[in-house]
Amino acid sequence: MQSDRGPTPMDTKRHFALLVSVVLAITTIVAAPAPAEEPEYKGKVERLIEEAVENNPELKAYEEKIRAYEERPPQAESLDDPRLKLSIVNVPLDSFRLNQEPMTQKQISLMQKLPFPGKLSLKGAMAEQELEIVKKEYLEKKNEIIKRVKVVYNNLSFIDKAIEITENNRELLEEFVKIAETKYAVGKGLQQDVLKSQVELSRMIDRLISLRQKRQTLVARLNTLLNRPTQMPFEDVEEISQTGFNLTFEGLQKIAVESRPVLLGLGHLIERYRFAHEFAKKDFYPDFDVGIGYGQRDDSAAVERTDFVSAFVTVNIPLWYKTKESRKVAEEEANIRKATEQYNAMKNNLLFQIKDILTDIEEYRQQIELFRTGIIPQSTMSLESAIAGYKVNKVDFVTLVNNQITLYNYEIDYYRLITDHENKLAELEAAVGRRLF
């Protein structure tokens, strides 16, 4: 007959005992260790980075671009092709006979253009600097790909943790629903408590749907970076952890100036313009065309004719130097100044970026510590107290649910902060142009 009356107080006690165990299970952050390296997590990321660097199409395109530019210096330092000239000269119009006139010849000439000494080496030096610029572009893109892999993997790890926390809280809310229904069934609860718990449970399920959709997007993005099929599943994701950090702004500034590819590329651009400036100054001096020719003459009926040999040198005269060569020198001087200012602007922006990232990292570090040692433990105790108070009817159901939702949000915020912290470290590595962690 007792079963006909619905849930009993003993059912309520069992629900409360299960509720407390679930709360303890989902609040493991209280005992979380201090920030430290996670070898398994870092090892997984490193394997993904290696795969991305090896297979990413954007990087492969830059590798081919480098190979193309490697072919340019030898071309730039080479002479123009020699020219071969075949001609017949001084042919009489009245007969077109090749042996009528003594000056009629069949000629063959070989000519070679010789730039003023130093020009070819300068052209080669410019091509070498252009090659170095492309190599730095490759390194910049490589660092960007590494950052993107890290950020996507960090976000994926966060989503998985958020799904885990949300699943645990869904179970907790299901217990809340059972408790509310039990108390309502025995006349000790309100229907609005049952409805409140059901609404919050539905909202938690909705969050799970949203999180799983975001996970699919992140998996597709990671597969794209790795040049894998977009729909390829990705399940083996390690839990993210906070990386220790003790680098100074001064040290990072030095590393960035020495290592950031885009900054080094601008340095090579300055050098390229300096070589172009030297080349422009050499245009004031003439280039040479040298050649040698052989003229064959046919014998006449009465005279045996000797063949001719000729040699020649021609030079260009920079007669219009005021409007051409001088202007070219001025152009290259302006290019040097432009590239130098670009370098200075990039350096200043880079140092600001590093300082800004460090500020964010420090803020995240302090917030993580506050959540780990203060907010999460306090919220956990508040929820446990609310559960105990609700059990003896000293706390209303709305307060109980609100405490649980508050703790849930804090747990999500905690791991979001760790993720943001790790993403900022990845951004910092890209900013300085070198792996740091």
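Quick note: the sequence shown uses numbering that gives the first Met the number 0, first residue 0, plus one each step.
Heads up, the beta-carbon is just placed ideally off N, CA and C, and yes, glycines get one too.
This structure is a prediction, so every number in the text was calculated from the model and none was measured.
### Query
By Cβ distance below 6 Å, which residues in the same chain neighbour Ile480 in space, the five residues on each side in sequence not counted?
Residue 480 lies beyond the range of the chain shown here (0 to 436); nothing can be said about it.
### Query
In three-state terms, what does DSSP make of Gly5?
Unreliable positioning characterises Gly5 in this predicted model, as indicated by a pLDDT of 46, which lies under 50. A coordinate reading is not provided.
### Message
Please list the terminal residues of the continuous beta strand (DSSP E) segment that includes Met110.
### Response
104-113
### Query
Quick one: what's got a C-beta closer than 8 Å to Leu318's C-beta in the same chain, skipping five residues either side?
none
### Query
Can Pro260 and Leu138 be called in contact, C-beta distance under 7 Å?
yes
### Query
Residue range of the beta strand (DSSP E) that Gly264 falls in?
Looking at the DSSP string, Gly264 is not in any beta strand (DSSP E); the run it does join, the alpha helix (DSSP H), is 260-281.
### Message
Whole angstroms are fine: how far does the CA of Ser77 sit from the CA of Arg71?
### Response
10 Å
### Val185 - DSSP class collapsed to helix/strand/coil
coil
### Cα-Cα separation between Glu331 and Lys337, rounded to whole angstroms
10 Å
### Message
By the DSSP assignment, the beta strand (DSSP E) with Lys84 in it spans what residues?
### Response
82-88
### Query
DSSP beta-bridge partners for Ser309?
Gly292
### Query
Leaving out five residues before and five after Met102 in sequence, what residues of the same chain have Cβ atoms less than 7 Å from its Cβ?
Asn89
### Touching by the beta-carbon criterion (3+ pairs, under 8 Å), the stretch 251-271 and the stretch 118-129
yes
### Nearest-angstrom Cα separation, counted from Leu350 out to Gln252
6 Å
### Query
How would you label Glu36, buried or exposed, when you count the other beta carbons within 10 angstroms and need 16 or more for buried?
Residue placement at Glu36 is poorly supported in this model, since its pLDDT is 49, which falls under 50; the coordinates are not used for a value here.
### Query
Do you know offhand how far Thr216's Cα is from Thr242's?
26 Å
### Task
Buried or exposed for Pro56, please, with buried defined as at least 16 other CB atoms from any protein chain shown within 10 angstroms of its CB.
exposed
#### Entry: Inside the stretch 169-257 only - alpha helix (DSSP H) runs reaching at least 4 residues
190-224
### Task
Can you have a look at Phe307 and say buried or exposed, based on whether 16 or more other CB atoms are within 10 angstroms of its CB?
exposed
### Query
Which same chain residues, not among the five before or five after Val438, have their C-beta less than 8 Å away from its C-beta?
Nothing can be reported for residue 438: it is not among the residues displayed for the chain, which extend from 0 to 436.
### Message
Please state the DSSP three-state secondary structure of Val314.
### Response
strand
#### Entry: Cβ neighbours of Ile353 in the same chain (closer than 8 Å, five flanking residues each side left out)
Phe248, Leu251, Gln252, Ala255, Leu427, Ala430, Val431
### Task
Tell me, please, which residues DSSP counts as bridged to Phe287.
Leu113, Val314
### Task
Please confirm whether Ile107 and Leu85 have their CB atoms less than 7 Å apart.
yes
### Query
According to the neighbour-count rule (16 or more other Cβ atoms, all chains shown, within 10 Å of its Cβ), is Gln74 buried or exposed?
exposed
### Query
According to the neighbour-count rule (16 or more other Cβ atoms, all chains shown, within 10 Å of its Cβ), is Asn452 buried or exposed?
In the structure as shown, the chain starts at 0 and stops at 436, and residue 452 therefore has no counterpart that could be examined.
### Task
List the endpoints of the continuous alpha helix (DSSP H) containing Pro72.
71-75
### Query
Do you know how far the Cα of Glu277 is from the Cα of Thr358?
45 Å
### Query
CB-CB under 6 Å to Ser299, same chain, minus the five flanking residues each way: which ones, in chain order?
Asn98
### Message
Looking at the secondary structure, which residues open and close the alpha helix (DSSP H) in which Asp419 lies?
### Response
396-431
### Query
Taking the alpha-carbon positions, what's the Phe115 to Glu361 distance?
59 Å
### Message
Taking the straight line between their C-alpha atoms, what separation do you get for Gln197 and Val176?
### Response
6 Å
### Message
Tell me the residue span of the alpha helix (DSSP H) that contains Ile374.
### Response
No alpha helix (DSSP H) holds Ile374; DSSP gives it neither H nor E.
### Message
Given this structure, state the Cα-to-Cα distance separating Tyr342 from Leu246, to the nearest angstrom.
### Response
25 Å
### Query
Among Ser258, Val328, Leu155, which one has its Cα closest to the Cα of Ala279?
Val328
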